[in-house]
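Peer 1: Line by line, the protein sequences are chains A and B. Going by our numbering, the first residue of the first sequence is number 1, and it counts up by one from there. Going by our numbering, the first residue of the second sequence is number 188, and it counts up by one from there. Using N, Cα and C, we set each Cβ at its ideal position, and we do this for glycine too. Structure incoming, see below.
2 protein chains.
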Amino acid sequence: MNINQILDKIHPINTSSKLKFIESFEEVSLPKNQLIIRSDKVEKSIYFIKKGIARTFSNFEDGEVTIAFGEEGATIISLKSYILNQKGYENIELLEDCELYKISVTKLQNLFSTDIDIANWGRKFAEQELIKAEQRFISNQLGTATERYLELIKKHPTLIQRVPLGLIASYLGITQVSLSRIRANIS
Amino acid sequence: MNINQILDKIHPINTSSKLKFIESFEEVSLPKNQLIIRSDKVEKSIYFIKKGIARTFSNFEDGEVTIAFGEEGATIISLKSYILNQKGYENIELLEDCELYKISVTKLQNLFSTDIDIANWGRKFAEQELIKAEQRFISNQLGTATERYLELIKKHPTLIQRVPLGLIASYLGITQVSLSRIRANIS
DNA sequence: AGAAAAATTTATCAAATGATAAAAAATGAA
DNA sequence: TTCATTTTTTATCATTTGATAAATTTTTCT
Numbered sequence: 001m002n003i004n005q006i007l008d009k010i011h012p013i014n015t016s017s018k019l020k021f022i023e024s025f026e027e028v029s030l031p032k033n034q035l036i037i038r039s040d041k042v043e044k045s046i047y048f049i050k051k052g053i054a055r056t057f058s059n060f061e062d063g064e065v066t067i068a069f070g071e072e073g074a075t076i077i078s079l080k081s082y083i084l085n086q087k088g089y090e091n092i093e094l095l096e097d098c099e100l101y102k103i104s105v106t107k108l109q110n111l112f113s114t115d116i117d118i119a120n121w122g123r124k125f126a127e128q129e130l131i132k133a134e135q136r137f138i139s140n141q142l143g144t145a146t147e148r149y150l151e152l153i154k155k156h157p158t159l160i161q162r163v164p165l166g167l168i169a170s171y172l173g174i175t176q177v178s179l180s181r182i183r184a185n186i187s
Numbered sequence: 188m189n190i191n192q193i194l195d196k197i198h199p200i201n202t203s204s205k206l207k208f209i210e211s212f213e214e215v216s217l218p219k220n221q222l223i224i225r226s227d228k229v230e231k232s233i234y235f236i237k238k239g240i241a242r243t244f245s246n247f248e249d250g251e252v253t254i255a256f257g258e259e260g261a262t263i264i265s266l267k268s269y270i271l272n273q274k275g276y277e278n279i280e281l282l283e284d285c286e287l288y289k290i291s292v293t294k295l296q297n298l299f300s301t302d303i304d305i306a307n308w309g310r311k312f313a314e315q316e317l318i319k320a321e322q323r324f325i326s327n328q329l330g331t332a333t334e335r336y337l338e339l340i341k342k343h344p345t346l347i348q349r350v351p352l353g354l355i356a357s358y359l360g361i362t363q364v365s366l367s368r369i370r371a372n373i374s
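As structure tokens, then:
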């Protein structure tokens, strides 16, 4: 998915602002398994996925939590860095070879403070992530792990093929062994 | 907490813009137990809490999920209405008599599209809610219900006094009976 | 205060998930 | 292909939480 489509999908921007916006991006290719964002430092850039898939996760005493998967069109972002300029809990790794659009947070913030169309794009971006977060939270509170798994494969059918089961389990908030058992009991 | 403090806490705005912003609010007083936002219609306003406490929840086939509590300074908002202009799953009720600041979404969107300072305030508002949502999600995935309960009383110690236990339980994603058992096992 | 209603606790049994270990299957590198 | 590694499945037992019911305590209303 190209950067023009990605930006438009979030919120349309007038032509001259969008041109300026798009010029601020740089294209990068990075290999599978690369850890592109580390929780122990403030990340200075954000990325959009042209091609490939990434995983955001947090490390804790025992084990890790998968916060999100990002497929084509999604953002690779440390919210703590982007929003609070603080190092945080977010690690992001690439699960496939990826082509990415990269922009520095500083450059982005300059655009926000000088161009009202881009500022409103930035608002819409945060708002849409917020809606997703709320929906995910509700679905997590509500159903059993089985229901959440079925919902996930319905919403993101290709994910199962592209991502190891252990990571899916950690996204669903259960162990890999439990997910395997759930899968056995479905069919 | 007055509207000036509430707005500033989210993101500072220059004096003339803020004056314009604050003039767009209306103060309203509403009684305990009032359902001020209903999931079956698009809500045309958002509110900030000057005094009191509110609860956002969703109704489903069996039971309901408490999405959030809002104390002084918090926002009472149907994200689905505010962001997508759609009716959604969010009901909001007042748990105490409340004094609120009210603004229509239309008025707010006009301010966003004409004033870059207010547009960036709107961006910061969504971003901060997003950070909260992510932190809540992680803490929910990570720990047991007991840990989440302890975390909640540490972060919002007055909440326990102000809110019935059943609602706290539904916020934690467990039944009221389970929370009672957890409390019995702590001390 | 006294009665009714609501909230909280306690108890019992069932269901879902975790922890651990081991086997089986799939993947990747030489 | 073959071997080593990783991933997935299966099995067993322990723990957590749910469902239900009943008892107790607290709150609300008159």
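Output needed in chain order: residues of the stretch 210 to 244 of chain B with a Cβ under 7 Å from some Cβ in chain A.
Peer 2: Those residues of the stretch 210 to 244 of chain B that come within reach of chain A (Cβ to Cβ, closer than 7 Å) do not exist; the list is empty.
Peer 1: Under DSSP, the beta strand (DSSP E) around B:E251 begins and ends at which residues?
Peer 2: In the second sequence, counting from the first residue as 1, residue 251 of chain B sits at position 64. From DSSP, the beta strand (DSSP E) with B:E251 extends over E251 to G257.
Peer 1: Quick one, are the C-beta atoms of B:I254 and B:E230 less than 8 Å apart?
Peer 2: Position 67 of the second sequence, counting from 1, holds the residue named residue 254 of chain B. Position 43 of the second sequence, counting from 1, holds the residue named residue 230 of chain B. No, these two residues do not count as a Cβ contact at 8 Å.
Peer 1: In its own chain, which residues sit with a C-beta less than 6 Å from the C-beta of A:S24, not counting the 5 before and 5 after it?
Peer 2: Here residue 24 of chain A refers to the residue found at position 24 when the first sequence is read from its first residue. Excluding residues within five positions, the ones whose Cβ falls inside 6 Å are I103 and K107.
Peer 1: Would the stretch 45 to 59 of chain A count as touching the stretch 2 to 20 of chain A if we require 3 or more Cβ pairs under 8 Å?
Peer 2: The stretch 45 to 59 of chain A is in contact with the stretch 2 to 20 of chain A.
Peer 1: With H, G and I counted as helix, E and B as strand and the rest as coil, what does DSSP make of A:S39?
Peer 2: The residue you call residue 39 of chain A lines up with position 39 of the first sequence. Coil.
Peer 1: A:R148 touches chain B at which residues, Cβ-Cβ below 9 Å?
Peer 2: One-based indexing of the first sequence puts residue 148 of chain A at position 148. Under the 9 Å cutoff, chain B gives no residues; its nearest Cβ is about 11 Å from A:R148.
Peer 1: Restricting to Cα atoms, I'd like to know which of B:V364, B:E258 and B:E321 is closest to B:L281.
Peer 2: For the purposes of this step, residue 281 of chain B is taken as residue 94 along the second sequence, with counting starting at 1. Checked all of B:V364, B:E258 and B:E321; the closest Cα to B:L281 is B:E258.
Peer 1: With distance defined between alpha-carbon atoms, name the residue in B:R349, B:S365, B:I369 and B:A371 nearest to B:A241.
Peer 2: To locate residue 241 of chain B, count along the second sequence from 1; it is residue 54. When only C-alpha atoms are compared, the closest one is B:R349.
Peer 1: May I ask you to verify whether the stretch 310 to 318 of chain B touches the stretch 122 to 130 of chain A, counting CB pairs closer than 8 Å and requiring at least 3?
Peer 2: With a cut-off of 8 Å, the stretch 122 to 130 of chain A and the stretch 310 to 318 of chain B count as touching, because enough Cβ pairs lie within range.
Peer 1: Identify whether A:N85 lies in helix, strand or coil by the three-state DSSP scheme.
Peer 2: Within the first sequence, residue 85 of chain A is the residue found at index 85, counting from 1. Of the three classes helix, strand and coil, the one that applies to A:N85 here is coil, per DSSP.
Peer 1: I believe B:L352 touches B:S367 by the beta-carbon criterion, under 8 Å. Please report the beta-carbon distance rounded to the nearest angstrom.
Peer 2: The residue given as residue 352 of chain B occupies position 165 in the second sequence. The residue given as residue 367 of chain B occupies position 180 in the second sequence. The pair is a contact, with the Cβ atoms about 7 Å apart (cut-off 8 Å).
Peer 1: Does B:Y288 get closer than 8 Å to chain A when you measure Cβ to Cβ?
Peer 2: Start at 1 with the first residue of the second sequence, and residue 288 of chain B comes out as number 101. So, not an interface residue.
Peer 1: Please go through the same chain and pick out, in chain order, the residues whose beta-carbon is closer than 8 Å to the beta-carbon of B:G250, but skip the five residues on each side of it.
Peer 2: In the second sequence, the residue the question calls residue 250 of chain B occupies position 63. Taken in chain order, the residues that qualify are S357.
Peer 1: Pick helix, strand or coil for A:N140, following the three-state DSSP scheme.
Peer 2: Residue numbering aside, residue 140 of chain A sits at position 140 when the first sequence is read from its first letter. Correct three-state label for A:N140: helix.
Peer 1: Please classify A:S113 as buried or exposed, where buried requires at least 16 other C-beta atoms within 10 Å of its C-beta.
Peer 2: The residue labelled residue 113 of chain A in the question sits at position 113 within the first sequence. Flag for A:S113 reads exposed.
Peer 1: Among B:S365, B:L217, B:T243 and B:I200, which residue has its Cα nearest to the Cα of B:A332?
Peer 2: Translated into positions along the second sequence, residue 332 of chain B becomes position 145. Of B:S365, B:L217, B:T243 and B:I200, the residue nearest in Cα terms is B:S365.
Peer 1: Could you pull out every unbroken alpha helix (DSSP H) segment of at least 4 residues lying fully inside the stretch 125 to 175 of chain A, listed in chain order?
Peer 2: Whole alpha helix (DSSP H) segments, 4+ residues: 145 to 155, 159 to 162 and 165 to 172.
Peer 1: Just grab the DSSP bridge partners of A:S45 for me.
Peer 2: Counting from one through the first sequence, the residue named residue 45 of chain A turns up at place 45. According to DSSP, A:S45 bridges with A:S104.
Peer 1: Identify, in the order they occur along the chain, each residue of the same chain with its Cβ nearer than 6 Å to the Cβ of B:Q221, setting aside the five sequence neighbours on each side.
Peer 2: Translated into the one-based positions of the second sequence, residue 221 of chain B becomes position 34. Cβ within range, chain order: L281.
Peer 1: Taking CB distances under 8 Å as the criterion, tell me whether B:R368 reaches chain A.
Peer 2: Walking along the second sequence from the start, residue 368 of chain B turns up at place 181. With 8 Å as the cut-off, B:R368 does not count as an interface residue toward chain A.
Peer 1: When you compare the CB positions of B:S226 and B:G275, do they come within less than 8 Å of one another, or not?
Peer 2: Locating residue 226 of chain B in the second sequence gives position 39, where the first residue counts as 1. Locating residue 275 of chain B in the second sequence gives position 88, where the first residue counts as 1. Contact flag set, yes.
Peer 1: What's the call for A:F69, buried or exposed, on a 16-neighbour Cβ count within 10 Å?
Peer 2: Here the question's residue 69 of chain A lines up with position 69 in the first sequence. So A:F69 counts as buried.
Peer 1: Can you check whether the C-beta of A:E193 is within less than 8 Å of a C-beta belonging to chain B?
Peer 2: Given that chain A is displayed from residue 1 to residue 187, the structure contains no residue 193 of chain A and the question cannot be resolved.
Peer 1: In terms of residue numbering, what span does the beta strand (DSSP E) encompassing A:S29 cover?
Peer 2: As a first step, residue 29 of chain A is located in the first sequence; it is residue number 29 there, counting from the start. Its beta strand (DSSP E) spans residues E26 to L30.
Peer 1: Comparing alpha-carbon positions, which option in A:E99, A:K41 and A:E61 lies nearest A:N85?
Peer 2: Looking up residue 85 of chain A in the first sequence gives position 85. The shortest Cα separation from A:N85 among A:E99, A:K41 and A:E61 belongs to A:K41.
Peer 1: Mark B:I373 as exposed unless 16 or more other C-beta atoms lie within 10 angstroms of its C-beta, in which case mark it buried.
Peer 2: Here residue 373 of chain B refers to the residue found at position 186 of the second sequence. When all chains shown are included, B:I373 counts as exposed.
Peer 1: For B:D284, which of B:P218, B:S203 and B:I223 has the nearest alpha-carbon?
Peer 2: On the second sequence, position 97 is the one that residue 284 of chain B refers to. Among B:P218, B:S203 and B:I223, the Cα nearest to that of B:D284 is on B:P218.
Peer 1: Name the two residues that bound the continuous alpha helix (DSSP H) containing B:I240.
Peer 2: Working through the second sequence from its first residue, we reach residue 240 of chain B at position 53. Unbroken run through B:I240: none, as it is neither H nor E.
Peer 1: What residues from chain B crowd round A:L7, counting only those whose CB sits closer than 8 Å?
Peer 2: Counting from 1 along the first sequence, the entry for residue 7 of chain A is found at position 7. The premise fails here: A:L7 is roughly 15 Å from chain B at the closest Cβ pair, so nothing lies under 8 Å.
Peer 1: Quick one: which chain B residues come within Cβ less than 8 Å of A:A119?
Peer 2: Locating residue 119 of chain A in the first sequence gives position 119, where the first residue counts as 1. The contacting residues are I303, A306, N307 and R310.
Peer 1: Tell me where the alpha helix (DSSP H) around A:E23 begins and ends.
Peer 2: Numbered from 1 along the first sequence, position 23 holds the residue referred to as residue 23 of chain A. It spans T15 to E23 - the alpha helix (DSSP H) in which A:E23 sits, taken as one unbroken run.
Peer 1: Kindly indicate which residue of A:P157, A:N2 and A:I13 has the alpha-carbon position closest to the one of A:E27.
Peer 2: Translated into positions along the first sequence, residue 27 of chain A becomes position 27. The shortest C-alpha separation from A:E27 is found at A:N2.
Peer 1: By DSSP's criteria, B:F244 is part of a beta bridge. Which residues make up the other side?
Peer 2: Translated into positions along the second sequence, residue 244 of chain B becomes position 57. Bridge partners of B:F244: B:T253 and B:N278.
Peer 1: Under a Cβ-count criterion, where at least 16 other Cβ atoms within 10 Å of its own Cβ denotes burial, should B:S386 be classed as buried or exposed?
Peer 2: Beyond the ends of chain B as shown, which are 188 and 374, falls residue 386 of chain B; an answer cannot be given.
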